[in-house]
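**Student:** Take a look at this one; I'll ask things after.
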Amino acid sequence: MDLRSQVRERLAAERGTLRKQAPERVALCYPSPYRVGMSSLGFQTIYREINARPLSAADRAFLPDDVDAYARTRTPVFTYEAECPISEYPVIAISVAYEIELAGVIQLLELSGIPALAEQRTAQHPFVLCGGPLTNSNPLPLAPFADAIVMGEADQAIHGVLDTIFNADSRQSALTQLASLCFVPSVHGDALPPIQQADDSLLPAWAPIRTPHTELSDMFLLEAERGCSRGCQYCVMRRSTNGGMRIIPVERILSTIPDDAHKVGLVGAAVSDHPKIVQIVDTLAGQGRQVSLSSLRPDRLTDPFIAALKKGGARAITTALDAPSQRLRDRIDRKAKEKHFLRIAELVKTHGLHHLKVYMMVGLPDETDADIDELIGFAKELSRIHSLAIGISPFVAKRNTPLDGAAFAGIPEIEGRLSRLRRGLRGQVDLRATSARWAWVEYVLAQGSWAEGRAVLDAVHAGGAFSAYKAAFNKLPDARKRRALRVVA
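Position in the sequence shown (from 1) plus 22 gives the number in my numbering.
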């Protein structure tokens, strides 16, 4: 399919697309493909906020599904609404969710003929503004590529930042003024300013566009709460981030949902902790809508809650076990107990749902084979009650959490524990795991700074395979090089 025809097909299938002509033009970009970017409530919220400004218009662009096709045909990344190259916009705003997307930032810019490094850009190039969930943890590896970075919640901050950029008489003047509003790498260096918090009056965030060409097909997304009041030690969104959990009133949630929204996604770090969540789900299901929640805490999953979820179209229940043993769950301050999961498995069976799925981590600090064996035994117990699937991710320590600085367990160690689990659960549990190698790449970036970001540029230029990242990271200064060699060897 022609590259532009694919974009036009997607646009034709959208409901809620915002089209606007205005003097202050922003190319709002996502450094992953369309199907991922359009599932991001934050990305869609900023799209709506920019277009609500009287003099501003935001057109969307995404990392191409086939980067090689764009490079081979020398097609610059272009916006969906205007089919205009992003290089022709005065401002490029990029929402970055997690560390691996740094490669997408580089590819978006370079496919468009824009130098990836901020230091190589001139006043003739667009101003590159970044933000997104990554800024709640550690945006320093992003710093080499951004002119400015909005930290934390951008719903409100985006307006002051864009006013400053468009009203400044030069790029340098804009950077100087922005230093009091957000993180300006050329001014602040490694010193990160406070994380922004939007006023509660702006909540809930909601997505203007629904599309079938995305991970969450034709679903209307809005938040039922923001933040989290729990203290899980590995989590960036724990209670210390932006004051904990902010609850959206039931009436405001229900009144925000369009009448023609047949599928509703309730989003938030701790949606199931909303004190009225069962009422909300039951009400929406009673209106004939399908309902999906972004997070289900095991200690909140009661009989009425699961009944409401099934009424809303749920075919399975997905929650988080987080650690392989109760000892480690207690250590990371998770409130989930084995009794909660046993109860959930019984309720899933009682309500006729297809299966129970749990997410968890391996490679936590102080983890041993005994912890893995405890998981094997407990997973077998759960699977005897009802069909069980387990999704596993290697633990990656993040900045701005109590476990910041914890070592990566090591690729051989992670793979050994996964093999132990597969042997112990073969034929009884559906076990799927993410790559230990790419988790290590994420770890190096999560714990890194400017040098690690520049190393991503080298890795992308070398082809972007894991071996390219390993080689690039192992060229870092001595202390970082020793860390990289230790965990990969």
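Positions of the beta carbon are idealized from the N, C-alpha and C atoms, including for glycine.
This structure is a prediction, so every number in the text was calculated from the model and none was measured.
(1) Using three-state DSSP, classify residue 296 as helix, strand or coil.
(2) DSSP three-state call for residue 219: helix, strand or coil?
(3) Between which two residues does the beta strand (DSSP E) harbouring residue 497 extend?
(4) By Cβ distance below 6 Å, which residues in the same chain neighbour residue 326 in space, the five residues on each side in sequence not counted?
(5) Starting from residue 185, follow the alpha helix (DSSP H) in both directions and report where the run begins and ends.
(6) Leaving aside the five residues before and after residue 77 along the sequence, list all residues of the same chain whose C-beta is less than 6 Å from its C-beta, in chain order.
(7) Residue 290 to residue 248, Cα distance in whole Å?
(8) Rounded to whole angstroms, what's the CA-CA distance from residue 179 to residue 48? Just pull it up for me.
(9) For residue 361, count neighbouring Cβ atoms within 10 angstroms of its own Cβ and tell me buried if that reaches 16, exposed if not.
(10) According to the neighbour-count rule (16 or more other Cβ atoms, all chains shown, within 10 Å of its Cβ), is residue 194 buried or exposed?
(11) Report the CB separation of residue 18 from residue 169 in whole angstroms; it is logged as a contact under 8 Å.
(12) Give me the Cα-Cα distance between residue 36 and residue 165, rounded to the nearest whole angstrom.
(13) Among the residues of its own chain, which have a CB less than 7 Å from the CB of residue 237, if the five just before and after it don't count?
(14) Provide the residue span of the alpha helix (DSSP H) that contains residue 326, from first to last.
(15) Are the beta-carbon atoms of residue 241 and residue 316 separated by less than 8 Å?
(16) Locate the beta strand (DSSP E) running through residue 142, then write down its first and last residues.
(17) Note down, in chain order, each residue of its chain lying with its Cβ closer than 6 Å to the Cβ of residue 385, except the 5 sequence neighbours on either side.
(18) Measuring alpha carbon to alpha carbon, tell me which residue in 218, 283 and 90 is nearest residue 155.
(19) Scan the region 44–103 and note each continuous beta strand (DSSP E) run of 3 residues or more that stays entirely inside, going in chain order.
(20) Does the contact criterion of 3 or more C-beta pairs under 8 Å hold for the region 263–283 versus the region 293–309?
(21) Can you tell me which of the three DSSP states residue 374 falls into?
(22) Looking only at its chain, what residues have a beta carbon closer than 8 Å to the beta carbon of residue 163, apart from the 5 residues adjacent to it on each side?
(23) So, helix, strand or coil for residue 268, using DSSP?
(24) From residue 380 to residue 331, what distance separates their C-alpha atoms?
(25) Between the region 344–358 and the region 389–401, do at least 3 Cβ pairs fall closer than 8 Å?
(26) On the CB-based measure, 16 or more other CB atoms within 10 Å of its CB, does residue 304 come out buried or exposed?
(27) Could you tell me which whole beta strand (DSSP E) segments of length 3 or greater appear in the region 383–423?
(28) Give the secondary structure of residue 461 by DSSP, where H, G and I count as helix, E and B as strand, and everything else as coil.
(29) At which residues does the beta strand (DSSP E) containing residue 117 begin and terminate?
(30) By Cβ distance, which residues of its chain are closer than 6 Å to residue 103, with the 5 residues on each side in sequence left out?
(31) Can you check whether the CB of residue 151 is closer than 8 Å to the CB of residue 183?
(32) Using 8 Å as the Cβ pair cut-off and three pairs as the minimum, do the region 450–468 and the region 92–110 touch?
(33) If you compare alpha carbons, which of 329, 350, 410 and 335 is closest to residue 372?
**Tutor:** Inspection of the coordinates gives the following:
(1) If you number the sequence shown from 1, residue 296 lands on position 274. Coil.
(2) The residue given as residue 219 occupies position 197 in the sequence shown. Reduced to three states, the DSSP call for residue 219 is coil.
(3) What you label residue 497 is simply residue 475 of the sequence shown in a count that begins at 1. Going by DSSP, residue 497 is part of no beta strand (DSSP E) at all; its letter is neither H nor E.
(4) Counted from its first residue, the sequence shown places residue 326 at position 304. 300.
(5) The residue labelled residue 185 in the question sits at position 163 within the sequence shown. 176–189 is the extent of the alpha helix (DSSP H) around residue 185.
(6) Walking along the sequence shown from the start, residue 77 turns up at place 55. The residues are 44, 45 and 46.
(7) As a first step, residue 290 is located in the sequence shown; it is residue number 268 there, counting from the start. As a first step, residue 248 is located in the sequence shown; it is residue number 226 there, counting from the start. Computed Cα separation, rounded: 6 Å.
(8) Counting from one through the sequence shown, the residue named residue 179 turns up at place 157. Counting from one through the sequence shown, the residue named residue 48 turns up at place 26. Rounded to whole angstroms, residue 179 to residue 48 spans 15 Å at the Cα level.
(9) One-based indexing of the sequence shown puts residue 361 at position 339. Exposed.
(10) One-based indexing of the sequence shown puts residue 194 at position 172. Classification for residue 194: exposed.
(11) With the chain running from 23 to 511 in the structure shown, residue 18 is simply not present.
(12) Along the sequence shown, one-based indexing puts residue 36 at 14. Along the sequence shown, one-based indexing puts residue 165 at 143. Whole-angstrom Cα-Cα distance: 34 Å.
(13) The residue labelled residue 237 in the question sits at position 215 within the sequence shown. Excluding sequence neighbours, residue 237 sits near 57, 58 and 61.
(14) Stepping through the sequence shown from its first residue, residue 326 is reached at position 304. Element bounds for residue 326: 325–333.
(15) Counting from one through the sequence shown, the residue named residue 241 turns up at place 219. Counting from one through the sequence shown, the residue named residue 316 turns up at place 294. No. Outside cutoff.
(16) Along the sequence shown, read from residue 1 onward, the residue named residue 142 stands at position 120. Element bounds for residue 142: n/a, residue is neither H nor E.
(17) In the sequence shown, counting from the first residue as 1, residue 385 sits at position 363. A distance below 6 Å between beta-carbons, with the five flanking residues on each side excluded, links residue 385 to the following residues of its chain, in chain order: 416, 417, 431 and 436.
(18) Translated into the one-based positions of the sequence shown, residue 155 becomes position 133. Taking only the C-alpha atoms, the option nearest residue 155 is 218.
(19) 46–52 and 78–84
(20) yes
(21) Position 352 of the sequence shown, counting from 1, holds the residue named residue 374. It is coil, neither helix nor strand.
(22) Taking the sequence shown and counting its residues from 1, one reaches residue 163 at position 141. Answer for residue 163: 121, 124, 467, 470, 471, 472, 474, 475 and 478, listed in chain order.
(23) Here residue 268 corresponds to residue number 246 of the sequence shown, with the count starting at 1. It is a strand residue.
(24) Counting from 1 along the sequence shown, the entry for residue 380 is found at position 358. Counting from 1 along the sequence shown, the entry for residue 331 is found at position 309. Residue 380 and residue 331: Cα-Cα distance of roughly 17 Å.
(25) Enough Cβ pairs lie closer than 8 Å, so yes.
(26) Looking up residue 304 in the sequence shown gives position 282. The residue is buried, with at least 16 neighbouring Cβ atoms inside 10 Å.
(27) With a minimum length of 3 residues, the continuous beta strand (DSSP E) runs that stay inside the region 383–423 are 410–416.
(28) Reading the sequence shown from its first residue, position 439 is the one you call residue 461. In this structure, residue 461 counts as helix in the three-state DSSP scheme.
(29) What you label residue 117 is simply residue 95 of the sequence shown in a count that begins at 1. That run of the beta strand (DSSP E) goes 113–117.
(30) Taking the sequence shown and counting its residues from 1, the one referred to as residue 103 is at position 81. Closer than 6 Å at the Cβ level, and outside the excluded window around residue 103, lie 41 and 81.
(31) Residue mapping note: residue 183 aligns to position 161 of the sequence shown, counting from 1. Residue mapping note: residue 151 aligns to position 129 of the sequence shown, counting from 1. Contact: yes.
(32) no
(33) Counting from 1 along the sequence shown, the entry for residue 372 is found at position 350. Comparing alpha carbon positions, the residue from 329, 350, 410 and 335 closest to residue 372 is 329.
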